[in-house]
Structure formats: structure tokens, C-alpha cells
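**Q** Quick one: the structure is below, questions incoming.
There are 2 protein chains.
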Amino acid sequence: MLTKQELEKYWAEASKIYLNHVSIDCVVFGFHEGQMKVLMLKSNNEEAWYLPGGFVLNEEPIETAANRILKERTGIDEIFLQQFHVFGDPDRSKFHNDIYRDMLPKEKNFFNQRFISIGYYALVDFVNVTPTPDAFSEICTWRDLDDLPQFQLDHELIFRTALDTLRLQLNYQPIGYNLMPKEFTMPELQKLYETILDKKLDRRNFQRRILAFGILNKLQETRKGGAHKAPYLYEFNLENYRAALTEGLQGGW
Amino acid sequence: MLTKQELEKYWAEASKIYLNHVSIDCVVFGFHEGQMKVLMLKSNNEEAWYLPGGFVLNEEPIETAANRILKERTGIDEIFLQQFHVFGDPDRSKFHNDIYRDMLPKEKNFFNQRFISIGYYALVDFVNVTPTPDAFSEICTWRDLDDLPQFQLDHELIFRTALDTLRLQLNYQPIGYNLMPKEFTMPELQKLYETILDKKLDRRNFQRRILAFGILNKLQETRKGGAHKAPYLYEFNLENYRAALTEGLQGGW
DNA sequence: TAACATGGTGTAATTGATACACAATTGTAA
DNA sequence: TTACAATTGTGTATCAATTACACCATGTTA
């Protein structure tokens with residue numbers, strides 16, 4: 003919990019280096035042990051959780067800002083980032099239950115202004131992430147997609163929109179390289195798709211379809227140790243994967 | 003051309019009522035006589051053309067702002083508007099050749115700040131639009147998609163991104179209601195699709211596919227007067243059209 | 001009134017999606 | 001050791017969608 007002095011210093015600094023009225027919120031998706039995860043934070047003075055976010059430096063491209071913010075929360079560079087929507091309702095940035103709100107006079111409080119927030123979603127490899135709280139949070143951690151806490155502000159809408167966008171993108175973009183470990187089995191990849199889409203897929207048809215995209219290399223080794231037939235390992239064919247990213251997977255018209 | 007006094011008054015007013023650092027740019031698509039059109043403006047002191055745009059009032063939702071801006075340029079309400087991208091490079095808002103830039107000291111010049119611009123694209127019925135210049139332009143008019151002028155700033159990128167988005171959306175959303183007149187023939191609708199996609203489609207397959215969506219009503223009348231067999235007229239089935247808008251046309255997974 | 005350009009409708013061939021069947025492999029329990 | 005259960009690998013029959021055409025109808029023009 004920050005003292006009034008610390009807060010005053012923070013706000014004074016913030017209003018000098020950050021652009022007013024513009025913020026960034028990120029929905030960071032990870033995948034681990036068959037579960038889809040979202041990176042979230044909990045402030046030290048409220049029950050509600052929120053998404054990793056931050057502001058844009060005066061001379062910084064917004065893409066760079068999003069990367070910088072996520073580097074601070076996850077420890078990793080070169081994250082797969084996708085801008086997906088701007089949230090610009092005048093009411094969205096009201097801090098209804100925040101005790102910080104009243105600690106400083108309005109004009110000294112950087113937070114106490116209207117923010118237009120640019121939403122990014124990120125796909126990251128779960129095991130590489132070191133969740134790190136920010137100055138206003140005591141907890142930064144992964145939350146299961148099917149066991150989400152209460153959201154602060156409009157962060158539920160932001161999360162929902164990100165998930166909808168991700169589902170849509172699944173139809174014309176390859177997804178998985180940033181979410182799966184280097185080597186993985188077909189059932190593991192299928193589980194990722196099923197989790198994102200929240201529905202069961204036919205094992206055999208999934209395999210045929212995903213192989214038809216030509217973005218996978220089949221390896222000779224199998225994943226031993228499981229209590230059944232050992233499945234083959236695959237890796238992404240980066241060249242074809244990138245090509246599919248730009249050209250799209252399947253056309254409509 | 004504005005005088006220094008007029009300009010000073012304009013900027014003073016602007017910085018009071020508008021949010022700093024946030025702007026809106028719109029790509030307005032129309033369709034007339036088999037040609038795709040974009041609404042553009044030309045400033046009175048430069049050769050380059052630009053897209054209709056504006057700013058967000060202090061307490062105004064961004065969606066409302068986009069509608070207000072387009073109402074001023076086109077005269078029509080209730081425009082089909084779609085947010086498609088945010089352009090946030092620090093360099094993007096430099097007015098390289100604008101003579102207004104040096105007419106006022108930096109701190110009095112509302113334009114002389116970094117703007118994060120929210121891109122909207124709009125689909126409108128050509129015949130309902132009354133192109134209206136803004137305070138800084140002498141011309142506001144439709145330009146053919148295949149005969150575009152030189153763009154100011156990053157407006158070429160904005161236009162390009164809008165067109166790419168529109169093409170993508172064609173795959174999972176019905177498009178046409180806002181671009182076509184109330185009644186139209188199948189060849190006319192096909193021409194719209196061909197123009198957006200910039201490729202020829204098979205006449206017979208197009209008809210089957212678009213009819214299969216169930217978003218059209220076939221009328222009994224035909225379009226007489228043309229020099230050949232008179233084609234039937236169609237209208238959109240609004241109920242099914244709206245349903246398709248929310249549910250999407252075809253699924254991938 | 002024949003030629004021609006265009007629109008309306010149909011159909012065969014190909015491709016893609018879906019729903020299964022069956023054999024192979026591996027750890028576990030009898 | 002062996003039968004079993006669970007899971008993976010591969011194949012195939014069926015249905016739906018897409019593609020590529022053929023043929024006739026209609027209205028204008030020469």
C-alpha cells in the first residue's frame with residue numbers, strides 16, 4: 003500500500019512522462035496443463051482484479067508501450083501482441099472503489115482523468131512468464147479461464163472482447179506457436195483449440211485439418227511416460243507458419 | 003484560408019472542449035455506378051488530400067464522436083461504423099507541409115501535439131451523402147478507389163488498413179445493406195463484391211452463394227431500360243441481415 | 001428478324017467437412 | 001504374464017460446399 007507521499011511523487015512523475023488520456027490494457031493468454039490462463043493483478047486495497055496495463059510515454063509508439071508494459075509484468079520480450087479494440091466510454095475509467103482516488107486533489111492525480119484505453123491481447127508461453135506485480139498490486143498471477151475472479155472497471159468487457167477476437171482469428175490465422183512449448187503432441191494442440199473455442203473437436207478431423215495447413219513438422223520421437231500409447235511429437239514449421247500469418251489460412255470469397 | 007485571428011480562436015476553443023492526444027479518422031466507403039468511392043478532403047493550402055476526421059469532446063463516447071464527425075461531413079445520421087485500428091506512432095501527426103503549423107506558438111496550437119488516432123470505416127449509401135468541407139478544407143468530395151490522390155500524413159496507411167479490414171469482414175459478415183440502394187439487381191450487388199475484392203467472381207456461383215445466406219428478398223419487378231434482358235430486383239431481408247451481422251455467416255472451426 | 005450481349009437456371013466434377021471403423025501401443029490390474 | 005482399458009494412428013464412406021461449365025430466355029440493335 004502506497005503512502006500519500008509516495009503517491010504524490012508517482013503522479014507528479016507520471017504526468018510529466020506519460021501521454022494524458024491514453025492507456026493500454028492487455029489480455030495475456032497462456033496455456034498450461036490443458037488449461038487456458040489469463041494473467042491478472044489484484045490491488046492491495048480492493049477485492050476486484052484487473053488486467054495488466056499502463057500508459058504511453060510521450061514519444062513512444064503504442065506498440066512499444068504495450069511491449070514494455072508486458073515485459074514488466076511477465077519478464078519476456080518479443081511477445082505476440084495484437085491490438086484488438088479501443089475502449090473509449092467516458093465512464094469507463096471511473097475508479098469507483100479505489101481509496102487512492104480521494105487521497106490527492108483531482109488536479110494532482112494522474113489517474114483522475116478520462117482514459118481512452120487501447121486493448122492488446124498477447125499469446126505467451128506459460129513456462130517463460132514470471133508474473134510480477136506493479137506498484138498498485140500485491141498479487142500478479144495466472145487465473146484459469148473457467149474460474150475468473152470479479153473484474154475491476156470495464157476489464158471484464160475488455161477480456162470478453164479479446165477472447166471473442168481470438169476465437170474469430172482462429173478461423174483465418176494459425177495460432178499456437180506462442181502458446182505451445184517447442185515440441186508438443188497432437189492431442190495437446192487439440193486441447194488448446196478446444197479450450198479457446200470451448201467445444202469438443204473430433205480428434206481425427208482436427209489432425210487432418212491442422213496438418214493440411216502445412217504449418218507443422220512431425221518429429222520421429224514420441225511422448226513417453228503417459229499411461230497409454232505414446233503420441234508423436236510435432237513442432238511448428240516457422241517458415242510456413244509465418245507465411246500463413248500474413249496470407250491467412252483459408253479464403254471465403 | 004483562415005486568418006491568424008480565426009485560427010487562434012479556433013485552437014483556444016478546441017483545447018477547451020476536446021480531449022488532448024486523441025483523434026478520429028474515418029474511411030467512408032460509397033458505391034455508385036459500379037465504382038467504389040472514398041470520401042476525401044483537400045486543404046486550401048496544400049496539394050495532399052486527407053480523410054474526414056476530428057476530435058473527441060471531453061465527455062463524449064468515441065463512438066458518438068465518430069458519428070458526429072461523419073454527420074458534419076456527409077449530412078447523414080445512423081451510419082454503419084466500424085472501429086478497425088488505432089494509429090499511434092509518435093511521428094504520424096507531424097504536419098510536414100502545413101502552413102498553419104508555424105502561424106501560432108506551439109503551446110497555443112491544438113494541432114501541434116501528438117495524436118493517437120482511432121480509425122473507423124463507414125459504409126454509406128452514396129446518393130444520401132452531401133459532402134461538406136470542414137474549416138480547413140476547400141474541397142470535400144468522393145474519389146474513385148482506383149484513382150486516388152496523394153494522401154496527407156499517414157492517411158494512406160489508414161485507408162489501406164480499412165480496405166484490408168473490409169475485405170476480411172466480407173468473409174464472415176454480410177455487407178451491402180449500407181452501400182446499395184433499397185432495390186438492386188444481382189449483377190449490381192456482384193459488382194460491389196468484385197470492387198471490394200478487386201477480382202472477378204463467377205456470376206452463377208455468386209448468386210447461389212449469396213442467396214444461400216438468406217439475406218435477400220427477391221422482388222417480382224425487373225430493372226427495365228438496360229440494353230439486354232431485364233434482371234430481377236432484390237432487397238435486403240433486414241431481419242436475417244441483422245441476424246447474420248451478429249452471428250456471422252460461416253464458421254471455421 | 002437475326003445477331004448479340006446479358007440474365008436465369010441447372011448439373012457434373014471436384015473438393016472439403018463430418019462421422020465413423022479398426023488396428024496399434026502402452027501402462028495397469030488380475 | 002496376460003488381458004484390459006485408454007489412447008493414438010490411420011483409413012473410409014457419406015454428405016455438403018465449391019467450382020466450372022452448358023443451355024435457354026429476354027430485350028436491344030443492326
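Taken in sequence, the protein lines are chains R and H.
Be aware that the first sequence starts at 3, since it is given in my numbering, and climbs by one per residue.
Be aware that the second sequence starts at 3, since it is given in my numbering, and climbs by one per residue.
Virtual Cβ for every residue (Gly too), placed ideally from N, Cα, C.
Ignoring anything shorter than 4 residues, give me the alpha helix (DSSP H) runs that lie fully in the segment 11 to 76 of chain H, in order along the chain.
**A** Those alpha helix (DSSP H) runs which fall completely within the segment 11 to 76 of chain H and span 4+ residues are 64 to 76.
**Q** Roughly how far, in whole angstroms, is the beta-carbon of H/Leu-147 from the beta-carbon of H/Val-40, given that I think they are within contact range, below 8 Å?
**A** Stepping through the second sequence from its first residue, residue 147 of chain H is reached at position 145. Stepping through the second sequence from its first residue, residue 40 of chain H is reached at position 38. Indeed, because the Cβ distance is near 6 Å, the residues count as touching under 8 Å.
**Q** Assuming H/Ile-198 contacts H/Leu-168 (C-beta within less than 8 Å), just tell me the rounded distance between them.
**A** As a working mapping, residue 198 of chain H is identified with position 196 in the second sequence. As a working mapping, residue 168 of chain H is identified with position 166 in the second sequence. With 8 Å as the limit, H/Ile-198 and H/Leu-168 qualify as a contact, their Cβ atoms being about 6 Å apart.
**Q** Do you know how far the Cα of R/Pro-92 is from the Cα of R/Asp-127?
**A** One-based indexing of the first sequence puts residue 127 of chain R at position 125. One-based indexing of the first sequence puts residue 92 of chain R at position 90. Those two C-alpha atoms are separated by around 35 Å.
**Q** Looking at the unbroken alpha helix (DSSP H) that takes in H/Gln-192, where does it start and where does it end?
**A** Stepping through the second sequence from its first residue, residue 192 of chain H is reached at position 190. Counting along the chain, the alpha helix (DSSP H) containing H/Gln-192 begins and ends at 188 to 199.
**Q** Is H/Asn-99 helix, strand or coil by DSSP?
**A** The residue given as residue 99 of chain H occupies position 97 in the second sequence. Low confidence applies here, because H/Asn-99 scores a pLDDT of 46, under 50, leaving its location unreliable; read the following figure in that light. In the structure shown, the three-state DSSP call for H/Asn-99 is coil.
**Q** Determine the contact status of R/Ile-160 and R/Phe-112, defining contact as a CB-CB distance below 8 Å.
**A** Here residue 160 of chain R refers to the residue found at position 158 when the first sequence is read from its first residue. Here residue 112 of chain R refers to the residue found at position 110 when the first sequence is read from its first residue. Contact flag unset, no.
**Q** With a 10 Å radius around its C-beta and 16 neighbouring C-beta atoms as the bar for buried, classify R/Leu-150 as buried or exposed.
**A** Taking the first residue of the first sequence as position 1, residue 150 of chain R is located at position 148. Under this definition R/Leu-150 is an exposed residue.
**Q** Please report how far the alpha carbon of R/Asn-99 lies from the alpha carbon of R/Leu-251, in whole angstroms.
**A** Along the first sequence, one-based indexing puts residue 99 of chain R at 97. Along the first sequence, one-based indexing puts residue 251 of chain R at 249. Legend: pLDDT at R/Asn-99 = 46, less than 50; position of this residue unreliable, no value from coordinates given.
**Q** In three-state terms, what does DSSP make of H/Asp-91?
**A** Looking up residue 91 of chain H in the second sequence gives position 89. Correct three-state label for H/Asp-91: coil.
**Q** Given a cut-off of 8 Å on the beta-carbon distance, is the pair R/Thr-224 and R/Tyr-236 in contact?
**A** Translated into the one-based positions of the first sequence, residue 224 of chain R becomes position 222. Translated into the one-based positions of the first sequence, residue 236 of chain R becomes position 234. Cβ atoms of R/Thr-224 and R/Tyr-236: not closer than 8 Å.
**Q** So, is the C-beta of R/Trp-255 closer than 8 Å to a C-beta in chain H?
**A** By one-based count along the first sequence, residue 255 of chain R stands at place 253. Under the 8 Å criterion on CB atoms, R/Trp-255 is classed as interfacial with respect to chain H.
**Q** Mind checking the segment 61 to 81 of chain R against chain H and listing, in chain order, the residues whose C-beta falls within less than 9 Å of any C-beta there?
**A** For the segment 61 to 81 of chain R, which is checked against every Cβ of chain H, the residues closer than 9 Å are Glu-61, Glu-62, Pro-63, Ile-64, Glu-65, Ala-67.
**Q** What's the C-alpha gap between R/Met-38 and H/Ile-19?
**A** Numbered from its first residue, the first sequence carries residue 38 of chain R at position 36. Numbered from its first residue, the second sequence carries residue 19 of chain H at position 17. If you take the alpha carbons of R/Met-38 and H/Ile-19, they lie about 44 Å apart.
**Q** Going by C-alpha distance, which of H/Val-129, H/Ala-16, H/Ser-95, H/Asn-46 is nearest H/Phe-138?
**A** Taking the first residue of the second sequence as position 1, residue 138 of chain H is located at position 136. Closest by alpha carbon: H/Asn-46.
**Q** Judging by CA-CA distance, which residue of R/Ile-81, R/Met-105, R/Glu-61 is the nearest neighbour of R/Val-131?
**A** Translated into the one-based positions of the first sequence, residue 131 of chain R becomes position 129. The residue with the shortest Cα to Cα distance from R/Val-131 is R/Ile-81.
**Q** So, are the CB atoms of R/Gln-154 and R/Met-188 less than 8 Å apart?
**A** Translated into positions along the first sequence, residue 154 of chain R becomes position 152. Translated into positions along the first sequence, residue 188 of chain R becomes position 186. With respect to the 8 Å criterion, R/Gln-154 and R/Met-188 are not classified as neighbours on the basis of their beta carbons.
**Q** Comparing alpha-carbon positions, which option in H/Gly-228, H/Lys-231, H/Asp-156 lies nearest H/Val-29?
**A** Here the question's residue 29 of chain H lines up with position 27 in the second sequence. When only C-alpha atoms are compared, the closest one is H/Asp-156.
**Q** Give me the Cβ distance between H/Leu-194 and H/Leu-181, rounded to the nearest whole Å; I'm assuming they're in contact under 8 Å.
**A** By 1-based counting over the second sequence, the position of residue 194 of chain H is 192. By 1-based counting over the second sequence, the position of residue 181 of chain H is 179. Their Cβ separation, rounded to whole angstroms, is 6 Å, which keeps H/Leu-194 and H/Leu-181 in contact under 8 Å.
**Q** Could you give the uninterrupted runs of the beta strand (DSSP E) lying entirely in the segment 103 to 173 of chain H, keeping only those of 3 residues or more?
**A** 118 to 125, 139 to 146
**Q** What's the C-alpha gap between R/Ser-25 and R/Gly-56?
**A** On the first sequence, residue 25 of chain R is found 23 positions in, with the first residue counted as 1. On the first sequence, residue 56 of chain R is found 54 positions in, with the first residue counted as 1. Between R/Ser-25 and R/Gly-56, the C-alpha separation is close to 6 Å.
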